[in-house]
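Chains as they are written, first to last, in our numbering: chain V, 2 to 217; chain F, 140 to 711. From the three backbone atoms N, C-alpha and C, an ideal C-beta is built for every residue, glycine too. As the structure is a prediction and not an experimental result, all values here were calculated from the model.
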Amino acid sequence: MRVVVADDVLLTRAGVAGLLAEAGCEVVGEAHDLDSALREAALSRPDVVVLDIRMPPTHTDEGLVAAARIRQDLPGTGVLVLSSYVEPTYAMRLIEDHLEGAGYLLKERVSDPAVLVDALRRIADGECVVDPTIVALLVGRRRRTDPLHGLTDREREVLSLLAEGLSNSAVADRITVTERTVEAHTKLIFQKLGLEADPSSNRRVQAVLTYLRSAS
Amino acid sequence: MAPVARPVLWSVVVGSAVMLTLLPRGHAWLPTYSTVSPRLAAAEVVAALALLTATVVGLLLDPTRPGLVALALAAPVWTVQDWAGWYDGPGFAPTAAIVLAPLLVPLPVHAVLAAAHPHRRVPLSLVALYVVAGVVALVHALFDDPFLDRDCWSTCLTTNVLLVSARPDVVHGVALVWLLVTATVGLALVGLAVRWAWVATRAGLRMRGPAIVAGFALGGVLLAQSVARWRRPRVDPGTSLDAGLYLALAAALVLVSAGWAAGPLLDRWTRRGVAQLVTGLGDAAAAGTVARVIAAATGDPSVRVVYRLPAGGYADAAGRFVDAPRPGPGALPVLRDGHELALVLHDPDATGPDGIRAALGTALTLALDNERLRVEGLAQLAELEASRARVVETGDAERRQLERNLHDGAQQQMLALAFDLRRAVANAHTPDACAVLTSAEAEARAALTELRELAHGIHPAVLEEAGLVPALATLADGAPVSVKVQETLGGRLPPGVERTAYVVVRDAVAAAAATGSPGVDVTLTEADGDLVVEVRGAGPGPFGSVEDRVAGARGHVALEPDRLRAVIPCVS
Numbered sequence: 002m003r004v005v006v007a008d009d010v011l012l013t014r015a016g017v018a019g020l021l022a023e024a025g026c027e028v029v030g031e032a033h034d035l036d037s038a039l040r041e042a043a044l045s046r047p048d049v050v051v052l053d054i055r056m057p058p059t060h061t062d063e064g065l066v067a068a069a070r071i072r073q074d075l076p077g078t079g080v081l082v083l084s085s086y087v088e089p090t091y092a093m094r095l096i097e098d099h100l101e102g103a104g105y106l107l108k109e110r111v112s113d114p115a116v117l118v119d120a121l122r123r124i125a126d127g128e129c130v131v132d133p134t135i136v137a138l139l140v141g142r143r144r145r146t147d148p149l150h151g152l153t154d155r156e157r158e159v160l161s162l163l164a165e166g167l168s169n170s171a172v173a174d175r176i177t178v179t180e181r182t183v184e185a186h187t188k189l190i191f192q193k194l195g196l197e198a199d200p201s202s203n204r205r206v207q208a209v210l211t212y213l214r215s216a217s
Numbered sequence: 140m141a142p143v144a145r146p147v148l149w150s151v152v153v154g155s156a157v158m159l160t161l162l163p164r165g166h167a168w169l170p171t172y173s174t175v176s177p178r179l180a181a182a183e184v185v186a187a188l189a190l191l192t193a194t195v196v197g198l199l200l201d202p203t204r205p206g207l208v209a210l211a212l213a214a215p216v217w218t219v220q221d222w223a224g225w226y227d228g229p230g231f232a233p234t235a236a237i238v239l240a241p242l243l244v245p246l247p248v249h250a251v252l253a254a255a256h257p258h259r260r261v262p263l264s265l266v267a268l269y270v271v272a273g274v275v276a277l278v279h280a281l282f283d284d285p286f287l288d289r290d291c292w293s294t295c296l297t298t299n300v301l302l303v304s305a306r307p308d309v310v311h312g313v314a315l316v317w318l319l320v321t322a323t324v325g326l327a328l329v330g331l332a333v334r335w336a337w338v339a340t341r342a343g344l345r346m347r348g349p350a351i352v353a354g355f356a357l358g359g360v361l362l363a364q365s366v367a368r369w370r371r372p373r374v375d376p377g378t379s380l381d382a383g384l385y386l387a388l389a390a391a392l393v394l395v396s397a398g399w400a401a402g403p404l405l406d407r408w409t410r411r412g413v414a415q416l417v418t419g420l421g422d423a424a425a426a427g428t429v430a431r432v433i434a435a436a437t438g439d440p441s442v443r444v445v446y447r448l449p450a451g452g453y454a455d456a457a458g459r460f461v462d463a464p465r466p467g468p469g470a471l472p473v474l475r476d477g478h479e480l481a482l483v484l485h486d487p488d489a490t491g492p493d494g495i496r497a498a499l500g501t502a503l504t505l506a507l508d509n510e511r512l513r514v515e516g517l518a519q520l521a522e523l524e525a526s527r528a529r530v531v532e533t534g535d536a537e538r539r540q541l542e543r544n545l546h547d548g549a550q551q552q553m554l555a556l557a558f559d560l561r562r563a564v565a566n567a568h569t570p571d572a573c574a575v576l577t578s579a580e581a582e583a584r585a586a587l588t589e590l591r592e593l594a595h596g597i598h599p600a601v602l603e604e605a606g607l608v609p610a611l612a613t614l615a616d617g618a619p620v621s622v623k624v625q626e627t628l629g630g631r632l633p634p635g636v637e638r639t640a641y642v643v644v645r646d647a648v649a650a651a652a653a654t655g656s657p658g659v660d661v662t663l664t665e666a667d668g669d670l671v672v673e674v675r676g677a678g679p680g681p682f683g684s685v686e687d688r689v690a691g692a693r694g695h696v697a698l699e700p701d702r703l704r705a706v707i708p709c710v711s
C-alpha cells in the first residue's frame, strides 16, 4: 500500500513512517504542513494520506481541512487523521464531510502496527474508521434514562464495533461469530434503539455516533 | 493693554459729555456736519452717547476688560471731528479735529477685536495700525496748513495752531497712504467678521454675535469711506454722499458700542444664572452635575470636567479614564494649594477662563471637589476591574501556552518513545527482553493518556478551535453525570466569554457530580449583548471560583436553589 505521511513534528513523522515501512507499506511521500500535504497527495497519488490534525500554519485543524480537500479532489485517496485529542466533534466532522475512506485515530493507537495497517486497509477499501477510545467515551456517556441499558453486553460490543466503522463481516471476525449472527444482532440493536437500519455501513456509523451523542 | 486707572477713564467720559455741549452752532456760513442738518447733529450725539454708555457699562461691570480704553477714547475723538470746520470757535478746536482724525480708525477697530476675542493678546497688526495712525497724526500736526489744502472745504478758513512748517505735498501724500491703509483695514475687518461667523460654534455665536455684526458694519463703512474719498477727495457735509457716510459711521459706532458692551453684560447675566444654579446643587448631585452647571452658566454646551487622578492621568465624571487633554486655551486647570484638582474643558471662543472661573465660584468648587472624590473611587474601581480582567486573561493565555507546549513537546516525545519501544518489541531477541519492552510500551501509552487528559484539563483545544458549543458537547461526552445543553447562540463569541462560560459549566458539572445529582441542564442564550449561562441541577455549590471567574469577565452570577445563572457581557 502506498502512503503519504504528513506531520510537522519530525520525530512523530519519522516514527509513523518507520512503523509503516516495517509493516510492509510503501511511504511514497512526507509532508510537514497543510500545503505540502496537499501537494504530496496530488503528486504521489497514494492509497491513503496520514495526516496530523494540528499542523502549520495555524496549528489548529489543518489535518481536517486537508482531509476534506483530498477527499474532494482525489476520490481514490483515503485519509487517516491522527490526533492527540479524544474529540468526538472532530471525528464526526471528518466522517460527516466525507462518509467513505476516512478515519480518525488517536496517535498513541498507531504505535501498534497491526492497528495502523488494519485501519489503512479499511480506509483504502472505502470504509471509515473511528477510534475505539472515542466510541467507548460515547457509549459510556452518562444518560439520565439510558436506552443502552436495554442492550445485552454482547449487543453493546457489537454497537461499539459498528460505531468504530467495522463492516458486518469485520465485526463477525472480531467477535468470532458468523456474519449472519452479526446481522441479527444489528437488526435487534437498531430496533431497540429505534434507529433505522441502513444498508451502507458508513451511513450506519454516522447514525450510531449521532445517536450516541444526542441521547442524554 | 495695561488697566488704566478708573478715575482717568471717568474723567474722559465726563470730558466727552462736556464736549457734546460745545457743538458748533448754526451761525457758521461754512457748515460742519452738525450745522448742516439736525439729523446729522442727532446722529453725532447718539453715536457719542452710545460710546459713552458702553464705556460707563464697562467701568461699572468690568473695568479691566480689554478694549475699554479704546472705547473710552473713541467718544472724544469722534465728537472732535465735528470741530474741523468750527472756524469761529476756540482756536485749538479745528486743530484737534485735524490731528486726532486718524485715530478714529484704530480705536473702534480695537474695541471690535477686543469684543470678539476678549482673551487674546492685542494683535501686532493693531499695534502697527496705532503707530501708523500716530505718525499720520503727527504729520498733520506739524505740516498741515488747512489754508493750503487743495481739497479743503469746511476747514479752509481754520488755523493749525501746532503748525511748524506748511508742507502741503507731504501732507497730501501721507493722506493718500492713510486712505489706502484705511481701505485695507476695512476690508480685513469685513473678512475677519465673515470668518468669525463661519467658524463660530453655536455657543460662540451667542457670545460673539454682537461683535461680529459690529466688525462687519465698521469694516464696511471704513471701506466705503476710503473709496468715496479716493474718488472725490473734498469733504463736503452738504452733499448727500458725505452726509450718508457720516450717518453710516455713526451707526457703525453705535454697533461697536453695543458689540463691546454685550460682553460684560452677558457675563453679568450668566453669573447671576450660576448663582441660581449653584443654590440648586444638592449633596447628592448626579455625576457630571458640575460640568452641566458650568455649561448652563456660561452658555457653552461643550463644557466638560475631567478629574486628575492621584496616580496620574484623568477620568471623567463617570470614572472612565480619558486621554490627557492638551494644555492651553480651552483647558482651564482648577488648582488647590498649587495641585491640579481638575481641568475644565471648554470652547475658548465661547467662554474665556475668566467666565469659567466666575462660573465656578466657591459653591461649585466644593461640588467639584466632591465629584472628584467620587471619581477617584470610581476610577480605582475601574482600574481594579480592569486589572482583574487582565489577571484572568493572562492566566488563560498561560494555560493555552502550557497546553500547546505539552502537546508539541512532552506528548510528541512520549509518542516517539512508544513508537520506538514498539519497534524494539518487534526486534527483541529474547522473551525476557520482549516482556520488559512490551510492559514499557504499555507504560508509555498510559503516560500518553495521562498527558492528554492533563493537557485537556489545562485548556481544551477544541474550545479555541471549534467554539463553546462543541467544547460543551465534548464535556458532556466525558462528564460523570448527564449533561444536556440547549443553546440559541448565533455563532462564535469573544474568546474570553467562551472560556468563562466553559468554566462555569465545567465547575457546575463537577459540583453536580460531587453532590450525586443525576445530571445538569445547561441553557445558553444571548440577551442584550450578554451571554446568559443557566445551569440547573448543579446543587447548592459553593461556586466561589465560578463567581470570581465571571466577575473577572465583568459579569455576575445569581445563585438560586438548584439554579446557577451567570451573565457574561460580550462587549468589554
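Alpha carbon to alpha carbon, how far is residue j from residue i? Give it in angstroms, no decimals.
| i | j | result |
| --- | --- | --- |
| F/R145 | F/A280 | 29 Å |
| F/L653 | F/A463 | It should be noted that the sequence gives Ala, not Leu, for residue 653 of chain F. Their backbone Cα atoms lie some 52 Å apart in a straight line. |
| F/S304 | F/A272 | 20 Å |
| F/N566 | F/L554 | 19 Å |
| F/D422 | F/V514 | Confidence is the limiting factor: at F/D422 the pLDDT is only 48, short of 50, which leaves the residue's position unreliable, though a coordinate-based value still follows. Cα to Cα, F/D422 sits roughly 15 Å from F/V514. |
| F/R562 | F/L576 | 10 Å |
| F/G630 | F/R539 | 22 Å |
| F/D508 | F/A186 | 48 Å |
| F/H166 | F/A497 | Summary for F/H166: the model assigns pLDDT 49, below 50, so the residue's position carries little reliability; its value from the coordinates is reported in the next sentence. The straight-line gap from Cα to Cα measures roughly 54 Å. |
| F/V608 | F/V620 | 18 Å |
| V/D132 | V/L210 | 12 Å |
| F/T437 | F/T409 | 6 Å |
| F/S155 | F/L263 | 29 Å |
| F/A367 | F/A387 | 13 Å |
| F/G668 | F/A434 | 34 Å |
| V/A103 | V/G127 | 8 Å |
Report the neighbours of residue i on chain V: residues whose CB is nearer than 8 Å to its CB, in chain order.
| i | result |
| --- | --- |
| F/S526 | Near F/S526 there are no residues of chain V at all, since even the closest Cβ is about 30 Å away, more than 8 Å. |
| F/W601 | It is Val, not Trp, that sits at residue 601 of chain F in the sequence shown. Those are Y86, E88, T90, Y91, listed as they occur along chain V. |
| F/H546 | R55, S85 |
| F/E626 | Those within 8 Å of F/E626 in chain V number zero; the least Cβ separation is about 14 Å. |
Do residue j and residue i have their beta-carbon atoms positioned less than 7 Å apart in this structure?
| i | j | result |
| --- | --- | --- |
| F/P492 | F/L200 | no |
| F/N299 | F/D284 | yes |
| F/L148 | F/A211 | yes |
| F/A605 | F/L545 | no |
| F/W222 | F/A209 | no |
| F/A342 | F/D439 | yes |
| F/G377 | F/V219 | no |
| V/L75 | V/G64 | no |
Determine the chain F residues that contact residue i at a beta-carbon separation under 8 Å, and present them in chain order.
| i | result |
| --- | --- |
| V/R143 | A618, P619, V620, S621, V622, G658 |
| V/P89 | A612, T613, D616 |
Hey, could you find the ends of the alpha helix (DSSP H) residue i is sitting in?
| i | result |
| --- | --- |
| F/L607 | 607-617 |
| F/Q625 | Looking at the DSSP string, F/Q625 is not in any alpha helix (DSSP H); the run it does join, the beta strand (DSSP E), is 621-626. |
Just curious, the beta strand (DSSP E) that residue i is in, first and last residue?
| i | result |
| --- | --- |
| F/P708 | 702-708 |
| V/G79 | 79-84 |
| F/G105 | Past the edges of chain F, shown from 140 to 711, lies residue 105 of chain F, and the structure says nothing about it. |
| F/R443 | 443-447 |
With a 10 Å radius around its C-beta and 16 neighbouring C-beta atoms as the bar for buried, classify residue i as buried or exposed.
| i | result |
| --- | --- |
| F/R657 | It is Pro, not Arg, that sits at residue 657 of chain F in the sequence shown. Under this definition F/P657 is an exposed residue. |
| V/K108 | buried |
| V/A18 | buried |
| F/M140 | Below a pLDDT of 50, predicted positions are generally treated as unreliable, and F/M140, at 43, falls in that range; the measurement from the model is reported next regardless. Looking at its Cβ environment, which holds fewer than 16 other Cβ atoms inside 10 Å, F/M140 is exposed. |
| F/P229 | exposed |
| F/Q550 | buried |
| F/L252 | buried |
| F/D476 | exposed |
| V/A43 | exposed |
Starting from residue i, find everything on chain F with Cβ-Cβ shorter than 9 Å and list it in chain order.
| i | result |
| --- | --- |
| V/R214 | A612, A615, D616 |
| V/L139 | D616 |
For a contact defined as C-beta to C-beta under 7 Å, what are the partners of residue i on chain V?
| i | result |
| --- | --- |
| F/P609 | T90 |
Check the Cβ of residue i against every Cβ in chain F and list those closer than 7 Å, keeping chain order.
| i | result |
| --- | --- |
| V/D132 | Ordered by position in chain F, no residue passes the 7 Å Cβ test against V/D132, which lies about 12 Å from the chain. |
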